[in-house]
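In this text, residue positions in the sequence shown follow the numbering used here: the first is 6, and each later residue adds one.
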Amino acid sequence: MSTTVTNKTCACGCHGSDELCAALVAALTGEATPALETQKDALRRSDVQKPAIFVGAGTCGLGAGAKKTIAAVEAYLAEKQLDIDVVEVGCIGMCSAEPLLDVQLPGKARVSFMQVKGDKVAKLLDAVLAGDIPKDMAMGQFRSPNLAMWPGIPCLDEHPFFAQQTRFVLAQCGVSDPLSLPEYLAWDGYKAMAKALLQMNPDQVCDDIEKSGLRGRGGGGFPTGKKWKFARAQQSEQKYLICNADEGDPGAFMDRAVIESAPYRLLEGMVIAAYGIGATKAYVYIRAEYPLAIERLKATIAEAKKYGLLGDNILGTGFHLDIIIKMGAGAFVCGEETALIHSIEGKRGMPRPRPPVPAVKGLFGKPTIINNVETLANLAPILLKGADTYAALGTQGSKGTKVFALSGKVNNTGLVEVAMGMPVRKIIYEIGGGIPNGKEFKAVQMGGPSGGCIPTQHLDIEVDYESLKRVGAIMGSGGMVVMDEDNCMVDVAKFFMDFIQRESCGKCIPCREGTRRMLEILQRATRGRRSESGNDALERFRGMVYLERLANVIKDTSLCGLGQTAPNPVLSTLRWFRDEYEAHIYERRCPAGVCQELRTFTIDQELCKGCALCLKRCPAGAIIGEPKKAHYIIADKCIGCGSCVDVCKSGAVHLLEMAEDMLRTDETAAEPVAQA
6 MSTTVTNKTC ACGCHGSDEL CAALVAALTG EATPALETQK DALRRSDVQK
56 PAIFVGAGTC GLGAGAKKTI AAVEAYLAEK QLDIDVVEVG CIGMCSAEPL
106 LDVQLPGKAR VSFMQVKGDK VAKLLDAVLA GDIPKDMAMG QFRSPNLAMW
156 PGIPCLDEHP FFAQQTRFVL AQCGVSDPLS LPEYLAWDGY KAMAKALLQM
206 NPDQVCDDIE KSGLRGRGGG GFPTGKKWKF ARAQQSEQKY LICNADEGDP
256 GAFMDRAVIE SAPYRLLEGM VIAAYGIGAT KAYVYIRAEY PLAIERLKAT
306 IAEAKKYGLL GDNILGTGFH LDIIIKMGAG AFVCGEETAL IHSIEGKRGM
356 PRPRPPVPAV KGLFGKPTII NNVETLANLA PILLKGADTY AALGTQGSKG
406 TKVFALSGKV NNTGLVEVAM GMPVRKIIYE IGGGIPNGKE FKAVQMGGPS
456 GGCIPTQHLD IEVDYESLKR VGAIMGSGGM VVMDEDNCMV DVAKFFMDFI
506 QRESCGKCIP CREGTRRMLE ILQRATRGRR SESGNDALER FRGMVYLERL
556 ANVIKDTSLC GLGQTAPNPV LSTLRWFRDE YEAHIYERRC PAGVCQELRT
606 FTIDQELCKG CALCLKRCPA GAIIGEPKKA HYIIADKCIG CGSCVDVCKS
656 GAVHLLEMAE DMLRTDETAA EPVAQA
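This is the structure:
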């Protein structure tokens with residue numbers, strides 16, 4: 006028997022054949038035959054004729070070692086001479102469990118296994134093919150009413166990470182082959198597009214999207230249907246649609262994962278949107294740093310064109326749409342609509358004043374609608390399941406679901422999609438599994454660099470556009486970075502301000518100069534006395550007095566939305582963690598022990614064995630002592646690098662708690678701040 010690796014009989018490199026692809030596409034405009042329905046059932050793998058192995062091969066999976074896992078699977082099958090399909094799928098969302106490998110046997114439910122690195126493949130497959138499921142590796146099995154379930158293995162939808170999710174956008178991510186057109190069609194792909202083109206006029210499409218309550222998922226949260234109607238009302242021989250897949254926020258990877266795992270869903274949404282506004286040309290503006298997403302997007306665009314799902318005369322309706330991929334150079338400012346438009350036009354990516362808004366005068370001076378990946382990926386399920394079904398989810402002002410990239414100090418990191426209105430606490434503690442290592446939660450940064458931090462006392466706030474604004478955060482594109490007690494909030498604000506300052510386009514003075522001044526103030530706040538001279542200490546204190554006022558001026562006077570939200574990380578941390586700022590300024594102390602220049606280490610005389618490892622490693626020569634006798638740290642020389650902690654085998658070195666009584670014992674640190 007021979008190894009089969011992702012059946013290549015079809016020209017599009019998927020499971021199926023050219024004839025099957027053509028028949029499935031033709032069925033969109035007519036009725037599917039019983040034979041074709043059987044084919045679709047097989048493509049959905051309601052059951053399999055021979056075993057199938059699925060490996061998560063998104064960027065997160067590949068980064069965790071999925072390539073080696075695939076190679077090990079192929080080597081195993083070749084050695085055993087087994088005829089088993091190996092299918093590369095996208096990311097199912099639980100990135101912390103990668104590499105993920107699923108196995109489905111004939112007549113049995115599909116089982117997902119976590120952290121299957123190459124060296125574990127042979128042992129795992131030996132067990133599963135013999136009918137034994139290693140429970141320590143099993144993440145769960147796919148619920149199936151028609152297949153035999155494995156005893157003692159929980160269903161995947163019962164896993165804490167998935168149980169609270171409501172999946173519209175991520176429904177097929179990690180389940181099917183992202184490059185397989187027949188598989189996408191078998192899961193009702195392009196059915197919504199066919200409905201729009203064959204049964205609805207553009208005004209009805211816009212009405213349905215407006216009725217659903219869908220708001221832009223890229224940050225601003227403007228009602229999508231209303232935005233479309235602005236462009237539709239414009240009289241122009243050419244209109245454009247732009248998919249914003251730039252995704253420049255640190256900690257955000259939603260768009261990348263959706264494109265890698267469900268590229269046809271994005272293309273279908275783009276056709277629906279273009280039809281609704283009357284556009285015949287579209288662009289996908291995507292980061293050049295997303296090579297896998299770009300590769301899969303190119304492949305699926307080519308296949309969609311081949312079968313009449315894109316290009317000229319789509320489904321014989323006379324509507325045509327061309328999609329062009331435009332790779333960005335990684336500039337954060339190009340996430341702003343007008344800067345993005347300038348970049349596509351070949352100009353420097355810089356915002357322009359509004360009005361006119363892009364829906365009236367955008368790309369090349371023509372009416373243009375810009376939606377992000379998640380917004381467009383929501384369109385097919387809205388039209389397929391009905392606007393009322395979508396509107397029934399969420400809160401009064403925020404309908405449907407939202408995808409978040411959950412990262413940072415949380416056990417279960419990855420992509421989550423939840424109904425609007427879910428409390429942030431539930432996302433972090435139930436879906437995310439809480440804070441690792443028994444640490445205390447401190448804050449969660451929402452909305453990326455332009456967002457804000459939500460503290461413990463507001464953890465029960467609902468995920469909603471308006472409610473998040475009330476606590477100084479924003480929905481943004483969906484980044485959710487969790488921080489624990491070991492994070493310094495002044496340092497967090499400094500990190501985001503450094504990012505924003507470097508990414509500022511420099512066009513307007515409030516953003517260009519204001520963010521630089523804010524960064525300098527934060528840098529002074531985290532600086533130790535030994536780095537200062539002259540009036541530096543006075544400038545340090547004076548800058549902090551004016552920090553909040555400066556932030557509000559930048560917010561009120563910057564040209565674009567990015568500049569207007571740039572001070573948010575500082576304003577939110579000042580609002581909720583003012584005591585940490587005061588500790589840095591008045592006591593020259595970092596409560597979390599993060600800011601290096603404000604750290605001082607000490608050696609426990611009873612625990613120190615005099616091994617001299619710390620003395621040899623210290624780059625500042627701040628440690629003295631004789632062999633086999635307790636060593637000492639000279640506070641004046643200590644630069645707070647922590648090298649001594651790293652090498653100490655007896656645990657004798659620890660961070661000095663700079664409480665007021667300890668400050669009095671160190672004459673260099675005991676000087677009042679007013680005299681500094």
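Beta carbons are placed, not taken as given, at the ideal position from N, Cα and C, and that holds for glycine.
- If you look at residue 661, you'll find it isn't in any beta strand (DSSP E); DSSP assigns it neither H nor E.
- Within its own chain, the residues whose Cβ lies closer than 6 Å to the Cβ of residue 273, once the five positions on either side in sequence are excluded, are 195, 198 and 385, listed in chain order.
- At the C-beta level, residue 505 and residue 549 stay beyond 7 Å of one another.
- Boundaries around residue 460 are those of the beta strand (DSSP E), 457-460, since no alpha helix (DSSP H) includes it.
- Residue environment: residue 383 is assigned as buried (16 or more neighbouring CB atoms within 10 Å of its CB, all protein chains considered).
- Under the three-state reduction of DSSP output, residue 99 falls in the coil class, being neither helix nor strand.
- Between the alpha carbons of residue 599 and residue 496 lies a gap of roughly 8 Å.
- The region 336-345 and the region 358-378 touch, with no fewer than 3 CB-CB distances between them shorter than 8 Å.
- Scanning 455, 494, 493 and 487 for the CA closest to the CA of residue 478 turns up 455.
- Beyond the five residues adjoining it in sequence on each side, residue 560 comes within less than 7 Å, by CB distance, of 569 and 572 in the same chain, given in chain order.
- Sequence-distant partners of residue 70 (beyond 5 residues in either direction) whose C-beta falls short of 7 Å from its own C-beta, in its chain, are 104, 122 and 123.
- With contact defined as three or more Cβ pairs closer than 8 Å, the region 212-220 and the region 296-307 are not in contact.
- Secondary-structure assignment with DSSP links residue 250 through a beta bridge to 291.
- The alpha-carbon of residue 243 is positioned some 41 Å away from that of residue 44.
- By the Cβ neighbour-count rule, residue 59 is buried, with 16 or more other Cβ atoms within 10 Å of its own.
- By the beta-carbon neighbour count (other beta carbons within 10 angstroms, threshold 16), residue 90 is buried.
- One alpha carbon belongs to residue 153, the other to residue 209, and they sit about 44 Å apart.
- Between residue 649 and residue 619, the CB-CB gap stays under 7 Å.
- DSSP places residue 128 in the uninterrupted alpha helix (DSSP H) bounded by 126-134.
- Between residue 482 and residue 323 a beta carbon distance of about 35 Å is seen, past the 8 Å cut, so the two are scored as non-contacting.
- It is roughly 35 Å from the alpha-carbon of residue 653 to the alpha-carbon of residue 433.
- When rounded, the separation of the alpha-carbon atoms in residue 61 and residue 266 is 9 Å.
- Judged by DSSP in its simplified three-state form, residue 602 adopts helix.
- Its chain contains 246, 287 and 326 as the residues whose beta carbon lies nearer than 6 Å to that of residue 279, once the 5 sequence neighbours on both sides are disregarded; these appear in chain order.
- Judged by DSSP in its simplified three-state form, residue 113 adopts strand.
- Between the region 109-128 and the region 43-57 there are three or more C-beta pairs closer than 8 Å, enough to call the two in contact.
- Secondary structure within the region 158-183: the alpha helix (DSSP H) runs of 4 or more consecutive residues, fully enclosed, are 165-168 (chain order).
- When the beta-carbon positions are compared, residue 250 and residue 289 come within less than 7 Å of each other.
- In this structure, the CA atom of residue 580 is about 29 Å from the CA atom of residue 336.
- Annotation: residue 485 is outside any alpha helix (DSSP H); the continuous beta strand (DSSP E) that includes it extends over 484-489.
- Under the rule that a run must span 3 or more residues, the beta strand (DSSP E) segments found entirely inside the region 368-454 read 373-377, 406-413, 419-424 and 446-451.
- Contact between the region 518-528 and the region 460-478 is absent: fewer than three C-beta pairs spanning the two stretches fall below 8 Å.
- Apart from sequence neighbours up to five positions away, the residues of its chain that approach residue 356 with a beta-carbon distance below 6 Å are 341, 343, 344, 564 and 565, ordered along the chain.
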